[in-house]
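Q:
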Amino acid sequence: MSKRVCLSLLSAPQRPHHQQTCRLLLQRQQIWNTTTSTARDSHQTGRLARPSCRSFSSTSCQRVGINRMAGRPQQKPQQSITLQQKQAMKKMQASGEHLDHVGLLEGTFVPPTGEKLPSLFSDPRGRWKVVRHQFKSWIGIMQSRLTAFWFVKPRLKLEVGKTPRIAKELYEEMYAAFANGNMAAMQGKVAPGLLRSLNDRIAQRTPNTHLQWKLHKYIGSPECVSYKFAMPEVKGPNTTRTGLMQAVVRIKSQQSLLQVRRQRMRDPATKQQVVAEVPIDRNGKEIQNFDREVEEKKNMKTMVEYFVIERLLIKGQLGSWRAWGTTQEADLSKLLKAEREKHKALMGEESPTG
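Sequential numbering of the sequence shown, starting at 4, is according to the numbering used here.
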């Protein structure tokens, strides 16, 4: 518009005639309508002419934001670390997985033998310590029997007398599979922690090599030296208990170990390429003029191992025996040190605080 239009009635200094006034008001009303319509069209044209930031959308930014928020699934509030740990522990307890992380049960005592056993004459006090711990271990076996009898239904058979035979079978199977480098057959017969450890050791071997393990004979019969049965909690009905049995079996044997390498070579008889097992020494060199009997006698050792087997009771369902690993004889010096630390802790709790 080339001429500015004043829209206020207060801008008229003189009051004209009635008809003129009506005519003037009518003209001003038409001017007002025309001006308003033009301004509105100009405003809409400006909005339409404004370039959009989003080339392929005609929806306003605010609308798009609302639509996106509406289409996005509402996120659940994150749980605290403490609550997550509690829920994870409940799941592990429900499945019995927490029993895989128990380790050797507290109070397990393997009595020392030979030179480690204190002399009755030169060290009677140390010998008395060993006898006292042996007596506690025997009481633990009796407590295990009573616990299994009163708190588990149907009656739980501990099979204490069968543990030497069971440990002997698992011992032979596990070492044969480990020497051959194939632990797949021992799935379920070996505890998860021990299975991972053995597989890691197999992975560290030189490629195309494995071991030949031979058990020549047992020296004496395997003997159960410790047995314990424990339950994390005694809640709920007796038919849905969860617990763990552990037995330590002493195994003394003579065994030998040879290292061999698989390699391709020509068979002198058939003149064809075959895969043969060549015995090698510790440095990886082939043993010349190999005689198996001579090498086995050379490598034969007398081994004394305390083989630990365990059995899980999960929600009233009793599993099979499996290998847990090995442990060692009790060290009298460590026992005395543990007793002194325990005594100091008790004295510290009883002493009055300032």
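Just so you know, even glycine gets a beta-carbon here, dropped at the ideal spot from N, CA and C.
Hey, would you say the C-beta of E344 is under 7 Å away from at least one heavy atom of the ligand MN?
A: With respect to small molecules bound, the structure shown includes none, and the ligand MN cannot be examined in it.
Q: Would you check if the distance between the CB atom of E175 and the CB atom of L107 is smaller than 8 Å?
A: no
Q: Does the segment 222-242 come close enough to the segment 198-212 that 3 or more CB-CB pairs lie under 8 Å?
A: Judged by Cβ distances under 8 Å, the segment 198-212 makes no contact with the segment 222-242, as fewer than three pairs qualify.
Q: Can you pull the DSSP bridge partners for S256?
A: Y221 and M306
Q: Drop a sphere of 10 angstroms on the beta-carbon of M177, count the other beta-carbons inside from all chains shown, and report buried for 16 or more, exposed for fewer.
A: Flag for M177 reads buried.
Q: Helix, strand or coil: how does DSSP classify R244 here?
A: In the displayed model, R244 falls within coil according to three-state DSSP, outside both helix and strand.
Q: Please report how far the alpha carbon of K132 lies from the alpha carbon of H346, in whole angstroms.
A: Between K132 and H346, the C-alpha separation is close to 15 Å.
Q: By Cβ distance, which residues of its chain are closer than 7 Å to P167, with the 5 residues on each side in sequence left out?
A: Excluding residues within five positions, the ones whose Cβ falls inside 7 Å are S224, P225, E226, C227 and V252.
Q: Out of curiosity, what's the CA-to-CA distance linking L197 and P235?
A: Going from the Cα of L197 to the Cα of P235 covers about 22 Å.
Q: Which same chain residues end up closer than 6 Å to L339 when comparing Cβ atoms and leaving out the 5 residues on each side of it in sequence?
A: none
Q: Can you tell me whether DSSP reads G328 as helix, strand or coil?
A: strand
Q: My parser needs the alpha helix (DSSP H) runs of 4 or more residues fully inside the segment 110-195; what are they?
A: 127-154 and 166-183
Q: Take I169 and list the residues in its own chain whose beta-carbon comes closer than 7 Å to its own, dropping the five residues that flank it on each side.
A: Here the set comprises I312 and W324.
Q: Leaving out five residues on either side along the sequence, give the residues of the same chain with a beta carbon under 7 Å from the beta carbon of A151.
A: Listed in chain order, the non-local C-beta contacts of A151 below 7 Å within the same chain comprise L159, L161 and F232, local neighbours out to five positions each way being set aside.
Q: Taking all protein chains shown into account, do 16 or more other C-beta atoms lie within 10 angstroms of the C-beta of A272, making it buried, or fewer, making it exposed?
A: exposed
Q: Opposite F232 in the DSSP bridges: which residues?
A: In DSSP, F232 forms a bridge with M248.
Q: Do M189 and S256 count as a contact pair if the criterion is CB distance below 8 Å?
A: If you check the CB distance, S256 and M189 do not come in under 8 Å.
Q: Per DSSP, which residues does T273 bridge with? Please list them.
A: T273 pairs with nothing; no bridge assigned.
Q: Whole-angstrom Cβ separation of P115 and L335, contact assumed at under 8 Å?
A: With a Cβ gap of about 7 Å, P115 and L335 count as contacting.
Q: Out of T111, E298 and M248, state which residue places its alpha-carbon closest to the alpha-carbon of L321.
A: M248
Q: Indicate the three-state DSSP secondary structure (helix, strand or coil) for A206 in the structure shown.
A: In the structure shown, A206 adopts helical secondary structure according to DSSP, grouped into three states.
Q: Note down, in chain order, each residue of its chain lying with its Cβ closer than 8 Å to the Cβ of V237, except the 5 sequence neighbours on either side.
A: F154 and R244
Q: Using only the alpha-carbon positions, how far apart do V163 and A250 sit?
A: Answer to the nearest angstrom: the Cα atoms are 8 Å apart.
Q: So what does DSSP say about R267, is it helix, strand or coil?
A: When secondary structure is reduced to three states using DSSP, R267 falls in the strand class.
Q: Restricting to Cα atoms, I'd like to know which of T85, G239, H136 and F181 is closest to L214.
A: F181
Q: Within 10 angstroms of the Cβ of F310, are there 16 or more other Cβ atoms? Answer buried if so, exposed if not.
A: buried
Q: In angstroms, rounded to a whole number, what distance separates the CA positions of N286 and P210?
A: Each residue's Cα considered, the two are about 14 Å apart.
Q: Can you tell me whether DSSP reads L321 as helix, strand or coil?
A: strand
Q: Classify R285 as helix, strand or coil using the three-state DSSP reduction.
A: coil
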